[in-house]
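Have a look at the structure below, then the notes.
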Amino acid sequence: MLGLQNVVKVGIAEMNIVQVPQFIRTSGLGSCVGVVLYDATSKIAGMVHVMLPNSSLARTTDFNPCKYADTGVDHLLHMLIRSGASLPKLKAKMAGGAQMFQFSSSSSEMMRIGPRNVEAVRERLEFHQIKVVGEDCGGNSGRTIEFNPESGKLMIKTVNKGITYI
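The numbering of the sequence shown is numbering that gives the first Met the number 0, which starts it at 0 and goes up by one.
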């Protein structure tokens with residue numbers, strides 16, 4: 000990991016965009032999913048840290064779009080295009096979506112937040128015809144991720160499992 004001056008942090012239910020020489024990082028990915036969209040030609044990348052699968056779960060109409068997979072992916076996509084990224088050149092990497100707790104079978108579908116987040120992100124990316132070129136999803140461990148727009152590598156630090164790159 001680099002010095003903090005080059006790393007833009009993304010909090011829970013937040014998003015941001017970086018260009019070389021910056022990196023972008025989020026931590027606390029349990030059932031949440033960190034989605035990275037990047038244009039390798041323009042070296043622009045963005046990340047959104049989504050908490051829930053669908054904005055229909057919002058209780059108000061003035062909700063935070065980054066909180067939900069459906070609106071978060073769309074919001075990030077529009078911000079990247081406004082910043083100079085090319086839609087046909089965008090690729091995606093993602094991590095998270097763990098099943099952090101065990102539940103009784105009677106409540107299992109509603110409580111499968113991690114897997115449902117991953118499914119919702121995939122649906123939005125497929126809708127926009129953005130290819131997922133790398134992912135580390137599922138399991139039951141938390142993750143921190145950091146993306147380097149220069150190399151296109153996503154560093155994944157998984158609790159009790161070390162660091163991998165995709």
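From the three backbone atoms N, C-alpha and C, an ideal C-beta is built for every residue, glycine too.
These numbers were taken from a predicted model, which means no experiment stands behind them.
Contact set for residue i: own chain, Cβ-Cβ below 7 angstroms, skip 5 residues either direction
i      : result
Val19  : Lys42, Pro148 and Glu149
Gly133 : Lys92, Leu153 and Ile165
Met50  : Ile11, Ala12, Cys31 and Lys66
Asn15  : Val7, Val9, Ile23, Gly45 and Met46
Ser105 : Note that Ser105 scores 49 on pLDDT, short of 50, meaning its location in the model is unreliable and no value can be drawn from it.
Asn5   : Pro20, Gln21 and Phe22
Val17  : Val7, Ile23, Ala44 and Pro148
Through-space distance from residue j to residue i, alpha-carbon basis
i      : j      : result
Tyr164 : Leu56  : 33 angstroms
Gly141 : Ala39  : 28 angstroms
Val158 : Gln98  : 14 angstroms
Phe126 : Leu89  : 13 angstroms
Leu86  : Glu118 : 21 angstroms
Ile162 : Gly138 : 15 angstroms
Phe146 : Asp61  : 30 angstroms
Glu122 : Arg58  : 22 angstroms
His48  : Ser54  : 14 angstroms
Arg81  : Gly96  : 28 angstroms
Asp73  : Val131 : 15 angstroms
Gly151 : Ala84  : 14 angstroms
Leu124 : Phe100 : 27 angstroms
Residue range of the beta strand (DSSP E) that includes residue i
i      : result
Val117 : Run containing Val117: none in the beta strand (DSSP E); it sits in the alpha helix (DSSP H), Ile112 to Phe126.
Lys156 : Lys152 to Thr157
Cys65  : Careful: Cys65 lies outside any beta strand (DSSP E) and carries neither H nor E.
Leu89  : Leu89 to Gly95
Cys136 : Lys130 to Cys136
Ser26  : Phe22 to Leu28
Contact belief for residue i with residue j at Cβ below 8 angstroms, rounded distance in angstroms
i      : j      : result
Lys75  : Val34  : The sequence shown places Leu at residue 75, not Lys. Indeed they touch by this definition, with Cβ atoms about 7 angstroms apart.
Ala68  : Cys136 : That belief does not hold up - the Cβ atoms of Ala68 and Cys136 are roughly 12 angstroms apart, past 8 angstroms.
Ile129 : Leu36  : 7 angstroms
Pro52  : Arg115 : 4 angstroms
Proximity test, residue i beta-carbon vs the ligand FMN heavy atom, cut-off 7 angstroms
i     : result
Ile23 : The ligand FMN is absent from the structure shown, which contains no ligands of any kind.
Delimiting residues of the alpha helix (DSSP H) encompassing residue i
i     : result
Ala68 : Ala68 to Arg81
Own chain, CB closer than 6 angstroms to residue i, minus 5 neighbours either side, in chain order
i      : result
Leu112 : It should be noted that the sequence gives Ile, not Leu, for residue 112. Within the same chain, Ile112 has close Cβ partners Ser30.
Thr143 : Ser26 and Lys156
Close Cβ partners of residue i (< 8 angstroms) along its chain, the five nearest in sequence each way excluded
i      : result
Lys160 : Ser140
Met78  : Met14, Ile16 and Gly45
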